[in-house]
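Chemist:
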Amino acid sequence: LQEMVYEMNLASARLARKAADLQTKQTPQKPRFVAGSIGPTNRTLSISPKVEDPAYREVTFDQVAKAYYQQVKGLIEGGVDLLLIETIFDTLNAKAALYAIQQCFDDLGVELPIMVSVTIVDQSGRTLSGQTLKAFWVSIKPYPIFSVGLNCSLGPAEMRPFIQELSDMADVYVTLYPNAGLPNQFGEYEATAAQMAPILKEYAGQKWVNIIGGCCGTTPDHIRAFVEGVKSLPPRKVPKVPVYTEFSGLEALTILPTSNFINIGERCNIAGSRKFARLIRENKFEEALEIARKQVEDGAQILDVNMDEGLIDSVQAMTHFLKLIASEPDIARVPIMIDSSRWEVIEAGLKCLQGKSIINSISLKEGEQAFLERAKQARRLGAAVLVMAFDEQGQADTLERRIEVCSRAYKLLTEKVHFPPQDIILDPNIFAIGTGMSEHANYALDYLEAVRYIKSHLPHAKVSGGVSNLSFAFRGNNVIREAMHSAFLYHAIQAGMDMGIVNAGQITVYEDISKDLLQLVEDVLFNRRPDATERLIAFADQVKQTSVKEEKRLEWRESSVEERLKYALIKGITEFIEQDTEEAYQKYGDPVKVIEEPLMDGMQVVGDLFGSGKMFLPQVVKSARVMKKAVAHLTPYLEALKLKANSSTKGKILLATVKGDVHDIGKNIVGVVLGCNNYEIIDLGVMVPAEKIVEQANALKVDLIGLSGLITPSLDEMVHVARELNRQDFDLPLLIGGATTSEKHTAVKIAPEYDRGITVYVPDASRSVNVVSKLLNFKSRKKFASQLKRNQQKLLENFQKQRQRINLIPIEAARQNRAKLSFTQKEVAEPQQAGIHKLLNFSLEELRRRIDWTPFFKAWELRGKYPDILEKSEHSQEAQKLFKEANNLLDEIINKQWLQANAVFGIFPANSINDDIEVYGNTERTRLLAVVHTLRQQMQRNSHKPNFALADFIAPKETKVADHLGFFVVTAGIGLQDLVQHFEEKHDDYQSIMLKALADRLAEAFAEHLHELVRKQYWGYARHEALSNEEIIAEKYRGIRPAPGYPACPDHTEKTTIFELLQTKKEIGVQLTESMAMQPAASVAGYFFAHPKAHYFGVGKIGMDQLTEYAHSKGMSHKEAKRCLAPYLVGNVV
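Position in the sequence shown counted from 1, then plus 8, gives you this note's numbering.
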């Protein structure tokens, strides 16, 4: 029916118009309006449906726009009041719709309000085509829209951070109409009107939304409840937002008044790069992409792309290349500048890009009419424009002409096209200097003066320029060219230049230019003497370039000792640190001065770079290693003076992993990061009881305490520590961190126990410096604490309301709704090798091949999935370096046999009785060895959806079916503690943390590999399984290996059954702490379930009735059971 688009929309709109008018007539005090819904279509313009051909598209922009035009025309002529572009998953599709709407408005002579609503695909907050929410907003902001919002996507609760983010940045009305939660496994939506209405009411109360509604799964009952909830609330006021220049690719680029110079990468230009031109001519587009990628890695924030060449099809080359870029997230994240002297190339390029791009360029060369037509088309396509200082008389080459042409272009754009001034970039022409021609001598000086004029007289306009033009006279001499570019940029930025087309990898630091060369270069730039060009040419002839790169590597060794120390700290170089520290000591004569001045100066730079995102965590840890080695060298001098190295630190911080927990990677990383920022760190280590924390905090007069924990029981221990601090009248700030901790748990459970002080949840090391600096600053602490306590009170109140809303069914009813599984010979496999088995000193080389590297990078706060993180992320370069160093250490671990990997596991006869699993010592099942206690889901479910417990995956005893259950404990941590101690004694935090992270990965790899061996060999139910390592990591196999302490079996005390059955301490050297943490920490314990229907799930919240029965079954006190399962106890049994 695609040929009936116009007719169907016309008829639909007329029907809706008639119904709306009828309702309005009946209740005139409540008029009804008709929104013409414009969906996303079933095609995408930004993504190829063919994996093997990333540049392929099923449809073109023009085809999609044509279809939208027919739809829009039908809706308008059918009588709609407004147009609603909704469920946007690809911003380029939305831009095609907006483009068609503008055309239709022009043709019909009408204008209606336009509403735009995007859908995000997951908690990353990105669209299906990869844009962040801000990038999406920046992309559509140039269009005249009435409102922007979110629909479909997730449930209302999950949309919270995204609707808040959108509300903060949108200077139009904001809409929200979510789904009724996420669809269940049957595609049904379960969130009721009563569950959704309070959430939307809260958002309206927060003034985040103007218009609300419902999407998939919502009903008239939902809408009535929404209306009732918000009818008394005042509407959100559209905020006045600052005027900033913004562009976008997959991510947004905002140019703030405080922003540094914006680098525009110049190498994807046929005219400017011989290599790029050759690759395009030879149709080697994939290789050409690497040039784009390298520029982004080198710091280019915008990519200039130019395909102007007489012997190629520039339109085809441009569109093909831009479509390939769209398939590379690490390149596509930056905005694109489409560079061409041919308008059809620019227009075709814009129709390939979902982000807000820049046109390079338009000018008055062909007169005002052509200039204004292209500007109007640029607006329709949502682009910014770069305007060359070029008019009917030619290029502006004097100061007066530059000012004249730029001012005229600005006035035409803002007054006749209503072009946003912040989307105008003026290029007052950078021409070659040092040519020997006197008329060229003032080119650089005139450009700088033109920039100053633009910034003071043409509000919000930005200034750019092609920097490499400046040095064309010195082609072939990169030393001179780089110096010219760097010196010119330094002065141009001072004058107000915002951005420039440069090779980001070939800009030297202004301060690094030798004084002699800088003098010569600036003489030419500022036309300071008549022989300036001749003098620079003479110097250029003397420059020998052959050894520049080789010499550069150790150039820093010729600097002052202060600069050498700073360089070593920033770069993480330990090679010369002792001799440089000794030289500094001989110079200063005071070890404390050496620490407080050159060393802390360097660490201040490290802290600033990390805080601004210009250094990554692994680099910071290396910097800390250099610092520790320097301080270690000075320690004898300090002791001789009976002084401490921390005499002028910013504050003293005590860190500890709480009692019963042995995990400390995260804590150590936080310690390193804070240490780099001049805080004294007192690390009490792991398994630290509350009494010792309180005692040491008091004795050492610390300023702040930080608690860490990985396992769930640690949460209770943190509560206990908070209670003890409160009891003993402490009022120090208390930081909470670790994998199981959360902002909600901190607010609900820990903070109320420590009302004398401040309790702050810190999610990762990168946030710690900002939080600590606020807490230890008297002026900011009060405000920070006040806001924090308000937020925590709100979280507490919301939690209590949520508890009241959660309804559980009685445990007996949940058991009646257990999973009804089949236990025939096909589902229940007889083990090939039952009983207990050991694997001692297992091959680490074999485990290495099984490593899932993604969590390893996450531990170092480098987000991304392996292997993509090595090539397709914003921190690929650092990830590659970390990966290489990790593998070098792995080589050493394996070759020198530093670590030992052991496993003990067993497969036992087993049957279930209700929610328990009996484990037997003989095939007759007469000798009971142990009972595994499982918990059952108690949330209300749809009638066809079971309430699962792990016991459901084992054949019930009454069936007489001989089923089995597996148990395992693996470790890769034998020998780890001695190695860690060795590195810590050498002040090498980096190797210490790296070693622990690798041991954890080897342990997880061992658990995964052992499961495979069990499936294929020991149990043998999947003997013919042939999965790749990636498929194994993705759990594509039959069976599961849940672990106590995780969502399907959250009770950590069940580990004791595993450890007693397998005698793990005796057999492989792994034991449990009193809080059920495993020692060594690089260990994994769990079960093997073999049923083909076995799957992972979360138990969720449970009621007191199940807890009482569970405690009785386990033979533990009700109080102890409640303590173990406190995070899961909630709700009203109905």
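Backbone N, C-alpha and C define an ideal beta-carbon position, used for all residues, glycine too.
By a C-beta neighbour count over all protein chains shown, 10 Å radius and 16 as the cutoff for buried, is residue 952 buried or exposed?
Modeler: The residue in question, residue 952, is exposed, as its Cβ has fewer than 16 Cβ neighbours within 10 Å.
Chemist: For a quick check, are the C-beta atoms of residue 1083 and residue 719 less than 8 Å apart?
Modeler: Taking 8 Å as the Cβ cut-off, residue 1083 and residue 719 qualify as a contacting pair.
Chemist: Alpha carbon to alpha carbon, what distance is there between residue 702 and residue 742?
Modeler: Looking at the two C-alpha atoms, the distance is approximately 12 Å.
Chemist: Quick one: measure Cβ to Cβ for residue 636 and residue 312, integer angstroms, because I've assumed they're closer than 8 Å.
Modeler: Actually they do not touch by this definition, with Cβ atoms about 44 Å apart.
Chemist: With 16 as the cutoff for other CB atoms within 10 Å, does residue 559 come out buried or exposed?
Modeler: Annotation note: pLDDT 46 at residue 559 (below 50); position unreliable, coordinate value reported separately. It counts as exposed.
Chemist: Output the distance between the C-alpha atoms of residue 186 and residue 28, rounded to the nearest integer angstrom.
Modeler: Rounded to whole angstroms, residue 186 to residue 28 spans 23 Å at the Cα level.
Chemist: Could you please give me the residues that DSSP links to residue 185 through a beta bridge?
Modeler: Answer is 159, bridged to residue 185.
Chemist: With a cut-off of 8 Å on the beta carbons, I'd call residue 864 and residue 894 a contact; round off their distance for me.
Modeler: Right, the Cβ-Cβ distance comes to about 7 Å (below 8 Å), so this counts as a contact.
Chemist: Which parts of the region 760-825 are runs of the alpha helix (DSSP H), unbroken and 4 residues or longer, counting only runs that do not cross its ends?
Modeler: 773-783, 786-813 and 819-824, all fully within the region 760-825.
Chemist: Do you know how far the Cα of residue 1028 is from the Cα of residue 1140?
Modeler: Residue confidence for residue 1140 is low, a pLDDT of 44 falling below 50, so the modelled location carries little weight; the figure read from the coordinates is stated next. Using only the alpha carbons, I get a separation of about 45 Å.
Chemist: Are there 16 or more other CB atoms within 10 angstroms of the CB of residue 1080, so buried, or fewer, so exposed?
Modeler: That one is buried.
Chemist: Residue 941 bridges to which residues according to DSSP?
Modeler: BP columns for residue 941 point to 924.
Chemist: Using a beta-carbon distance below 8 Å, is residue 250 in contact with chain C?
Modeler: No chain C is present in this structure, which holds just one protein chain.
Chemist: Give the straight-line distance between the Cα atoms of residue 1092 and residue 1014, rounded to the nearest whole angstrom.
Modeler: Cα to Cα, the separation comes out at about 9 Å.
Chemist: State buried or exposed for residue 98, treating a residue as buried only when at least 16 other CB atoms are found within 10 Å of its CB.
Modeler: The residue is buried, with at least 16 neighbouring Cβ atoms inside 10 Å.
Chemist: For residue 179, tell me which candidate among 83, 146 and 956 has the shortest Cα-Cα distance.
Modeler: Residue 146 is the option with its Cα nearest to residue 179.
Chemist: Quick one: residues in its chain with C-beta nearer than 6 Å to the C-beta of residue 58, no 5 flanking neighbours on either side, listed in chain order?
Modeler: Cβ neighbours of residue 58 beyond the five flanking positions: 64.
Chemist: Bridge partners for residue 470 per DSSP, in chain order?
Modeler: Answer is 433, bridged to residue 470.
Chemist: For residue 955, list the residues DSSP reports as bridge partners.
Modeler: Bridge partners of residue 955: none, in fact.
Chemist: Please check the pair residue 166 and residue 131, which I expect to be a contact at CB under 8 Å, by giving their CB distance rounded to whole angstroms.
Modeler: Right, the Cβ-Cβ distance comes to about 7 Å (below 8 Å), so this counts as a contact.
Chemist: Write down the C-beta distance between residue 42 and residue 87 rounded to the nearest angstrom, noting that I regard them as a contact closer than 8 Å.
Modeler: With a Cβ gap of about 7 Å, residue 42 and residue 87 count as contacting.
Chemist: Using a Cβ distance threshold of 8 Å, determine whether the region 1060-1067 contacts the region 829-841, with at least three qualifying pairs required.
Modeler: Because the criterion of three Cβ pairs below 8 Å is not met, the region 1060-1067 and the region 829-841 do not touch.
Chemist: Which one or two residues does DSSP pair with residue 399 in a beta bridge?
Modeler: Note: residue 399 sits in a beta bridge opposite 402.
Chemist: The alpha helix (DSSP H) that contains residue 211, what's its start and end?
Modeler: Residues 201-213.
Chemist: Which residue spans inside the region 826-854 form an unbroken beta strand (DSSP E) run of at least 3?
Modeler: For the region 826-854, whole beta strand (DSSP E) runs of length 3 or above, ordered along the chain, are 843-847.
Chemist: Could you check if residue 762 is buried or exposed, using at least 16 other CB atoms within 10 Å of its CB as the buried criterion?
Modeler: Answer is buried; the Cβ neighbour count reaches 16.
Chemist: For residue 20, which of 84, 410, 937 and 250 has the nearest alpha-carbon?
Modeler: Of 84, 410, 937 and 250, the residue nearest in Cα terms is 84.
Chemist: Would you identify the three-state DSSP class for residue 134, choosing helix, strand or coil?
Modeler: If DSSP states are grouped into helix, strand and coil, residue 134 belongs with the strands.
Chemist: Taking residue 731 as part of the alpha helix (DSSP H), name the residues at either end of that continuous run.
Modeler: Note, residue 731: alpha helix (DSSP H), 721-735.
Chemist: Going by DSSP, name the residue or residues bridged to residue 314.
Modeler: In the DSSP output, where bridge partners are listed per residue, residue 314 has 277 and 347.
Chemist: Please state if the CB of residue 941 and the CB of residue 1136 are separated by a distance shorter than 8 Å.
Modeler: Result no, Cβ atoms of residue 1136 and residue 941 do not sit closer than 8 Å.
Chemist: From which residue to which residue does the alpha helix (DSSP H) around residue 304 run?
Modeler: Residues 293-305.
Chemist: Please work out which residues of its chain come closer than 7 Å, Cβ to Cβ, to residue 767, disregarding the five sequence neighbours upstream and downstream, and give them in chain order.
Modeler: 730, 742, 744, 754, 758 and 759.
Chemist: Considering only C-alpha positions, which residue in the set 370, 393, 429 and 385 is nearest to residue 400?
Modeler: If we check each option's Cα against that of residue 400, 370 comes out closest.
Chemist: Quickly, what does DSSP pair residue 910 with across the bridge? List them, please.
Modeler: Paired residue(s): 979.
Chemist: Can you have a look at residue 828 and say buried or exposed, based on whether 16 or more other CB atoms are within 10 angstroms of its CB?
Modeler: Result: exposed.
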